[in-house]
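Structure first, then comments.
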Amino acid sequence: MEKIAVLVDSCCDLPKEYLKKTGVFELPMQIAYHDKTYLDRVDISAEEVYRNLPVEIPKTSLPSGDSIQKALDEIAQAGYTHILSISVSSGLSGTFNFLKVFLDDDDRFTTKYFDTKQVAIASGLIAVEAKKQVDDGKSFDEIAAHVEKMIDHAMVYFCIPTLTYLRAGGRISAVASAVGGVLKLAPIITCKPDGTYTIAAKARGMKKGKKLMLGYAQDFLDEGDEYLIGIGHGDNEEGGLSMLDLLHENGIKGKREFIEQVGPALGVHTGPGLIGIAVVKI
1 MEKIAVLVDS CCDLPKEYLK KTGVFELPMQ IAYHDKTYLD RVDISAEEVY RNLPVEIPKT
61 SLPSGDSIQK ALDEIAQAGY THILSISVSS GLSGTFNFLK VFLDDDDRFT TKYFDTKQVA
121 IASGLIAVEA KKQVDDGKSF DEIAAHVEKM IDHAMVYFCI PTLTYLRAGG RISAVASAVG
181 GVLKLAPIIT CKPDGTYTIA AKARGMKKGK KLMLGYAQDF LDEGDEYLIG IGHGDNEEGG
241 LSMLDLLHEN GIKGKREFIE QVGPALGVHT GPGLIGIAVV KI
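Numbering (UniProt numbering), first residue to last: 1 to 282.
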């Protein structure tokens, strides 16, 4: 009999209630300051990262080999026979490829691993639906095929007040950051088909940015689609709620909806004030 675990990395920003569910395991990224390294969402919160940004912008790195091995041992000890491993884009993080080495080498499980080509709550929504299908008793192969389909039908956009932090983390050029700063533009970032970041638009302020993101969602969805919605915010819950209200006012309502604080690993690169939207067709 198949006993299926869902394994995610902490950059998936999996909704908090799912972290408490039996059969869901999260690998923490590492948040490195000059004097100490923390485990993402384990011993440092996004709020603590934001509070400290004026003092130091930390570096982020992959989950350690030790933490991957510990998670796999925990999964085995709990009696799981199969693993669905869901990772943020390999174009933005080396986690997918690093984890794949461990999974390929571990003959205790039947494993399928997925590079979502997305980031943050977009990857998290794919894991949310995978977990629902596990709970609904679907087979491992059925769920894996559905995850592949969701990856092809997912989108994420996030609007940020400044490019400073993306530049500091090496995710965007100094020239692009300087131009954005001079013009007081709020860039809207998305993931290209290869899973790397691109600037989809530059909004004159966050209010305009939210309207543009509404437009992207409208363009993405067709009548009759069933979908999940995730709103991510960077220490800006009020902004996240107003984004969800804007979607609802325009007839966009997910089968399930989540509002989540962006996790520390992404918060390092985007800074406070972010508002993001993810939609995954199911």
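No residue lacks a Cβ here, since even glycine has one placed at the ideal position from N, Cα and C.
Proximity below 9 Å, CB of residue i to CB of residue j
i    : j    : result
G234 : I160 : yes
L62  : T111 : no
V134 : T116 : no
F114 : I86  : yes
A154 : V6   : no
G239 : I277 : no
P187 : L53  : no
V119 : V156 : yes
E2   : H82  : yes
N250 : L212 : no
L84  : A122 : no
D9   : L72  : no
L241 : F158 : no
Best match in the options for proximity to residue i [C-alpha to C-alpha]
i    : options                : result
D35  : V49, P58, V268, K21    : P58
C11  : A201, D136, H269, F220 : H269
M243 : G263, A217, A265, K255 : A217
T37  : S64, P15, T22          : S64
M29  : P54, S67, I4, Y50      : S67
A78  : L39, F25, M150         : F25
D136 : V280, V279, I4         : I4
D152 : Y165, F140, I126       : I126
Euclidean distance between Cα positions of residue i and residue j
i    : j    : result
V175 : E142 : Unreliable placement is indicated for V175, whose pLDDT of 48 sits below 50; no coordinate value is reported for it.
D106 : L266 : 29 Å
G205 : D219 : 21 Å
D225 : L19  : 27 Å
I282 : L228 : 7 Å
G124 : V262 : 11 Å
K70  : L27  : 10 Å
T162 : L185 : 8 Å
R256 : I44  : 28 Å
L92  : G195 : 7 Å
T198 : P15  : 25 Å
A201 : K21  : 37 Å
G23  : I259 : 22 Å
L221 : I252 : 9 Å
E56  : E47  : 14 Å
E223 : K207 : 26 Å
M150 : Y50  : 32 Å
G254 : L246 : 13 Å
T60  : D40  : 9 Å
E74  : A203 : 46 Å
D104 : Y33  : 32 Å
Y165 : A76  : 39 Å
V279 : H248 : 14 Å
K132 : E237 : 26 Å
S90  : C191 : 11 Å
For residue j and residue i, believed in contact at Cβ under 8 Å, the rounded distance
i    : j    : result
I31  : P193 : So it is not a contact: roughly 29 Å between Cβ atoms.
G232 : D13  : 6 Å
Contact test: residue i Cβ vs the ligand GDP heavy atom, cutoff 8 Å
i    : result
T111 : No copy of the ligand GDP occurs in the structure displayed, which carries no ligand at all.
Check your understanding: If you scan the segment 42-93 from start to end, which runs of the beta strand (DSSP E) of 3 or more residues do you find wholly inside it?
Key -> 59-61, 82-87
Review point. Which parts of the segment 208-269 are runs of the beta strand (DSSP E), unbroken and 3 residues or longer, counting only runs that do not cross its ends?
Key: 227-233, 256-261
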